[in-house]
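Only one structure is covered here, and it is reproduced in the block below.
Protein chains in written order, with the numbering used here: chain S, 18 to 80; chain E, 18 to 80; chain L, 18 to 80; chain A, 18 to 80; chain R, 18 to 80; chain U, 18 to 80.
Rendered as structure tokens:
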């Protein structure tokens with residue numbers, strides 16, 4: 018605690034490492050709590066499991 | 018935002034498409050916000066990861 | 018289960034009633050599960066607790 | 018981590034204390050992880066923010 | 018409802034069964050609600066999807 | 018989407034503003050998605066609603 022839960026698209030290992038570090042650093046600074054209290058969880062969701070505006074991401078035309 | 022997170026059993030693609038459309042339409046109407054603000058996420062959980070009344074769904078007798 | 022969690026702005030009672038009914042009806046139809054299995058939770062978030070694009074909703078210019 | 022998030026009706030302090038202790042003890046035993054890793058969060062939801070079967074809890078007839 | 022969502026490491030079937038039973042029993046006792054109202058969901062997260070103190074669990078030195 | 022949900026202690030307005038900006042900037046960089054896709058939600062939890070190691074934060078001895 019605090020816990021920080023991401024629901025986003027899949028990430029590779031280097032991306033998770035970078036994002037966890039950056040978000041934890043920002044949270045430590047703002048909450049004023051020690052780093053070991055910060056828990057980050059990445060939920061990786063495939064494009065067919067997310068919709069924006071009622072349209073699944075997998076149904077979007079490729080640009 | 019709003020975000021709408023489903024935790025339920027697995028769905029096929031047509032089911033996700035239908036549910037995302039219906040829920041987004043209802044939310045747009047009630048919140049009075051434009052469709053692109055609506056995010057729907059489906060978390061699909063296998064029967065061994067959900068319990069009702071303390072019993073895992075995979076342990077339920079088949080009817 | 019399924020559980021359906023909304024994180025959005027505050028709603029009045031009539032809005033919650035309408036949205037819960039519509040979403041539950043859609044979910045019953047798509048999941049093929051009985052209505053009493055459907056749980057809807059509304060988390061109401063004040064504008065200063067939500068940011069889109071890094072900007073808190075309470076900081077947005079009024080249109 | 019693990020984090021354990023409850024979405025339920027309001028609880029008084031003694032109830033929160035009892036439930037946090039019992040759930041943490043069970044989780045420590047099953048996960049095999051030390052107690053300080055266990056985070057429990059109680060989201061307290063008023064009856065008008067929860068629906069079961071499409072009906073808000075505040076609309077249920079009193080028994 | 019109540020819904021109880023775990024975000025933790027993977028568990029085997031026997032662990033899920035034991036944890037669901039213990040947590041549901043504790044919740045039934047404290048909330049004073051019948052067992053069928055209690056829904057438990059296990060989100061299993063691989064070590065590369067969780068960070069504590071900014072460090073991914075998969076990057077921790079083995080002890 | 019992505020949505021980023023914080024469950025932590027209460028924050029003042031300046032803290033929310035700073036944390037939303039920093040986290041969104043980090044997420045934009047790592048996900049490679051435009052800022053308006055990023056939604057941050059702060060759930061503020063009073064000390065009696067959070068337990069670490071089975072102990073409510075409000076029960077901790079003051080240091």
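Quick reminder that beta carbons are idealized off the backbone N, C-alpha and C, glycines included.
Just so it is clear, the structure is predicted and the values come from calculations on it, not from any experiment.
Checklist line | 6 angstroms CB neighbourhood of residue 65 of chain S in its chain, flanking five on each side removed | finding: Stepping through the first chain from its first residue, residue 65 of chain S is reached at position 48. Within the same chain, residue 65 of chain S has close Cβ partners 73, 75.
Item checked: Which of helix, strand or coil DSSP assigns to residue 24 of chain R -> Walking along the fifth chain from the start, residue 24 of chain R turns up at place 7. Correct three-state label for residue 24 of chain R: strand.
Notebook entry, point to check: Is the beta carbon of residue 18 of chain A sitting closer than 9 angstroms to the one on residue 68 of chain U?
Noted result: The count along the fourth chain starts at 1 and reaches residue 18 of chain A at position 1. The count along the sixth chain starts at 1 and reaches residue 68 of chain U at position 51. Result no, Cβ atoms of residue 18 of chain A and residue 68 of chain U do not sit closer than 9 angstroms.
Check: Taking Cβ-Cβ distances shorter than 9 angstroms, what residues in chain U pair up with residue 26 of chain S?
Finding: To locate residue 26 of chain S, count along the first chain from 1; it is residue 9. Neighbours of residue 26 of chain S on chain U, chain order: 18, 19, 48, 50.
Note to self: One question on the structure: do residue 40 of chain L and residue 57 of chain L come within less than 9 angstroms of each other, judged by their Cβ atoms?
What the structure shows: Numbered from its first residue, the third chain carries residue 40 of chain L at position 23. Numbered from its first residue, the third chain carries residue 57 of chain L at position 40. Their beta carbons are under 9 angstroms apart, which means residue 40 of chain L touches residue 57 of chain L by this criterion.
Margin query: In the DSSP assignment, the alpha helix (DSSP H) including residue 77 of chain S goes from what residue to what residue?
Written below: Position 60 of the first chain, counting from 1, holds the residue named residue 77 of chain S. Run containing residue 77 of chain S: none; DSSP gives neither H nor E here.
Check: Among A/71, A/21, A/24, A/26, which residue has its Cα nearest to the Cα of residue 51 of chain L?
Finding: Start at 1 with the first residue of the third chain, and residue 51 of chain L comes out as number 34. Of A/71, A/21, A/24, A/26, the residue nearest in Cα terms is A/71.
Next item on the list: Could you tell me whether any Cβ in chain U is nearer than 9 angstroms to the Cβ of residue 67 of chain E?
Entry: Translated into the one-based positions of the second chain, residue 67 of chain E becomes position 50. It does not: the Cβ of residue 67 of chain E has no partner Cβ on chain U nearer than 9 angstroms.
Next item on the list: Could you round the C-beta distance between residue 60 of chain R and residue 21 of chain R to whole angstroms and report it? I think they count as a contact, below 8 angstroms.
Entry: Translated into positions along the fifth chain, residue 60 of chain R becomes position 43. Translated into positions along the fifth chain, residue 21 of chain R becomes position 4. About 11 angstroms; that fails the 8 angstroms criterion.
Next item on the list: Alpha carbon to alpha carbon, how far is residue 28 of chain E from residue 49 of chain L? Give it in angstroms, no decimals.
Entry: On the third chain, residue 49 of chain L is found 32 positions in, with the first residue counted as 1. On the second chain, residue 28 of chain E is found 11 positions in, with the first residue counted as 1. Approximately 11 angstroms between the Cα atoms of the pair.
Notebook entry, point to check: For residue 37 of chain S, which residues of its own chain have a beta-carbon under 7 angstroms away from its beta-carbon, when the five flanking residues on both sides are left out?
Noted result: On the first chain, residue 37 of chain S is found 20 positions in, with the first residue counted as 1. Closer than 7 angstroms at Cβ, skipping near neighbours: 57.
Check: Exposed or buried, which one is residue 79 of chain S when buried takes at least 16 other CB atoms within 10 Å?
Finding: Here residue 79 of chain S refers to the residue found at position 62 when the first chain is read from its first residue. Residue 79 of chain S is exposed by the Cβ-count criterion.
Next item on the list: Please decide whether residue 45 of chain R counts as near chain L, where near means a Cβ-Cβ distance under 9 angstroms.
Entry: To locate residue 45 of chain R, count along the fifth chain from 1; it is residue 28. Not one chain L Cβ lies under 9 angstroms of residue 45 of chain R.
Notebook entry, point to check: Does the separation of the CB atoms of residue 43 of chain R and residue 43 of chain A fall below 9 angstroms?
Noted result: Mapped onto the fifth chain, residue 43 of chain R falls at position 26. Mapped onto the fourth chain, residue 43 of chain A falls at position 26. Yes. Within cutoff.
Next item on the list: For residue 36 of chain R, go through chain A and note every residue whose CB falls closer than 7 angstroms to its CB, in chain order.
Entry: On the fifth chain, position 19 is the one that residue 36 of chain R refers to. Within chain A, the residues near residue 36 of chain R are 43, 44, 47.
Note to self: I need the straight-line Cα distance from residue 34 of chain R to residue 47 of chain A, nearest angstrom please.
What the structure shows: Along the fifth chain, one-based indexing puts residue 34 of chain R at 17. Along the fourth chain, one-based indexing puts residue 47 of chain A at 30. Distance between the alpha carbons of residue 34 of chain R and residue 47 of chain A is about 10 angstroms.
Next item on the list: Could you pull out every residue in the same chain whose Cβ sits closer than 6 angstroms to the Cβ of residue 25 of chain A, ignoring the five residues on either side in sequence?
Entry: Mapped onto the fourth chain, residue 25 of chain A falls at position 8. Excluding residues within five positions, none has a Cβ falling inside 6 angstroms.
Check: Looking only at DSSP bridge pairs, what is residue 57 of chain R linked to?
Finding: Taking the first residue of the fifth chain as position 1, residue 57 of chain R is located at position 40. For residue 57 of chain R, which the question treats as bridged, DSSP gives the partners E/68, R/21.
Notebook entry, point to check: Does any CB atom of chain R fall closer than 9 angstroms to the CB of residue 30 of chain E?
Noted result: Counting from one through the second chain, the residue named residue 30 of chain E turns up at place 13. It does not; no Cβ of chain R falls within 9 angstroms.
Checklist line | chain R contact for residue 74 of chain A (CB, 9 angstroms cutoff) | finding: As a first step, residue 74 of chain A must be located in the fourth chain, where it is residue number 57. Closer than 9 angstroms to some Cβ of chain R, the Cβ of residue 74 of chain A qualifies, so yes.
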